[in-house]
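Counting from 1 along the sequence shown, just add 209 to a position and that's the residue number in our numbering. Note that CB positions come from ideal geometry on N, CA and C, so glycine has one too. Step one of this worksheet: look at the structure below.
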Amino acid sequence: MSSIVPPPLPPLPPSHSHNGSLSSTPHPPTPLQPHALHPPTADADRALIEGLQGKSVAELKELQETDGLLDAFWESQSPIAKEHRELEREAWKANEELADRIMSTRTTLDLRRTDTDAKLRDSASLYRTWRQTEEHMYSALSPLSPPSLQQHLNASTTSVSEMSDALAESFLEEGGDLGVFLRTYREGRKTENVGVDDNVLEGDLAAHGERSCICSSRREPRLPNLDPKYSDLSSSVQDLSAASRRPCTSAILQDNVIRSMIVQCAFDDEVRLRKREGVMARQRQYGRGGKDTMRL
């Protein structure tokens with residue numbers, strides 16, 4: 210027995226740890242990954258084992274320690290090893306491309322998420338601003354609502370009516386300038402009767418069962434040719450005469466009667482004054498005595 214036969218190495222590729230010298234250097238995990246994905250067939254294992262059996266320990270150690278040498282030896286011994294390696298490279302390349310695509314998509318997703326968060330915060334801020342603006346708008350429009358306007362109109366009408374009554378009583382008791390009184394009284398009563406319609410008055414009369422009354426009993430004064438400065442007095446008498454012939458309720462009728470009496474008295478005083486001035490002018494012109502004066 211001149212030659213020493215080495216021990217059999219059937220499970221050599223998966224059992225490198227049985228040899229102490231081979232287990233000292235860790236095997237890179239990358240070449241072993243394709244075997245997990247596409248394990249070689251029995252013929253490939255048999256061809257690899259037969260190729261390794263003819264190698265010495267030094268050659269086996271060199272195959273393990275040299276980068277890429279074991280892979281090249283395995284590809285040379287196994288027909289499908291090269292195909293398996295190509296499939297592995299394609300899988301790694303596809304995985305890298307997919308990773309790059311995922312990273313780019315993640316970047317775009319982060320940008321869109323940040324933009325969406327900013328728009329959401331802006332929308333919430335705009336909603337709060339709109340709610341405040343809406344509250345201010347309704348607060349500003351509340352005085353212009355129909356109930357508020359009706360209440361304000363009723364209060365103004367009551368105030369103007371009281372002021373007109375006080376003005377009429379003051380003029381009848383104390384007197385004063387006729388033109389100023391007529392202008393003030395007309396403006397006040399015009400403000401009081403704003404919005405009053407004949408149809409509304411007729412509907413109110415029908416609802417309460419009252420009959421329409423026409424103030425035709427009062428004598429309509431015949432107006433002489435007055436100076437332009439007495440045009441307010443003339444228009445007041447004409448307006449009151451026309452108003453007295455309209456259907457009206459008891460309250461409006463009472464106001465119209467009072468106004469007619471006041472304006473009629475003022476108009477009679479003015480006519481009397483004009484006649485007296487005319488008589489005095491004729492006396493001065495013709496030199497007559499007090500006979501015409503006594504006639505008045």
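Please report the residue range of the alpha helix (DSSP H) in which Leu353 lies.
Where Leu353 is concerned, there is no enclosing alpha helix (DSSP H), given that its DSSP letter is neither H nor E.
Proximity below 8 Å, CB of Glu284 to CB of Arg298
no
Have a look at Trp339 and Lys328 and give me their C-alpha separation to the nearest angstrom.
16 Å
Can a CB atom of chain D be found closer than 8 Å to the CB of Lys264?
The chain inventory of the structure shown lacks chain D, comprising one protein chain alone.
What do you get for Gln273, buried or exposed, if any count of 16 or more other CB atoms within 10 angstroms of its CB means buried?
buried
Could you tell me the alpha carbon to alpha carbon distance between Glu396 and Gln341, rounded to whole angstroms?
42 Å
Quick check on the burial criterion: 16 or more other C-beta atoms within 10 angstroms. Buried or exposed for Leu362?
exposed
Going by other Cβ atoms of all chains shown within 10 Å of its Cβ, with 16 needed for buried, is Leu391 buried or exposed?
buried
For Tyr347, count the other beta carbons within 10 Å of its own beta carbon; 16 or more makes it buried, fewer makes it exposed. Which is it?
exposed
Can you have a look at Ala267 and say buried or exposed, based on whether 16 or more other CB atoms are within 10 angstroms of its CB?
exposed
Spatial distance of Ala377 from Thr393 (CA atoms):
10 Å
Three-state secondary structure assigned by DSSP to Asp374:
helix
Straight-line Cα distance separating Ala300 from Ile271
What sits at residue 271 in the sequence shown is Glu, not Ile. Taking the straight line from one Cα to the other gives about 29 Å.
Using only the alpha-carbon positions, how far apart do Gly263 and Met312 sit?
49 Å
Nearest-angstrom beta carbon gap, Ser351 and Ser357 [assumed within contact, 8 Å]:
6 Å
Do you know how far the Cα of Thr367 is from the Cα of Ser379?
18 Å
Let me know the secondary structure DSSP gives Glu486 once reduced to three states.
helix
If I follow the unbroken alpha helix (DSSP H) through Lys270, where does it start and stop?
Val266 to Glu274
Which of helix, strand or coil DSSP assigns to Asp331:
helix
Quick check: the Cα distance between Ala349 and Gln360, rounded to an integer number of angstroms?
17 Å
Distance check for Thr275 and Thr323, CA to CA, integer angstroms please.
51 Å
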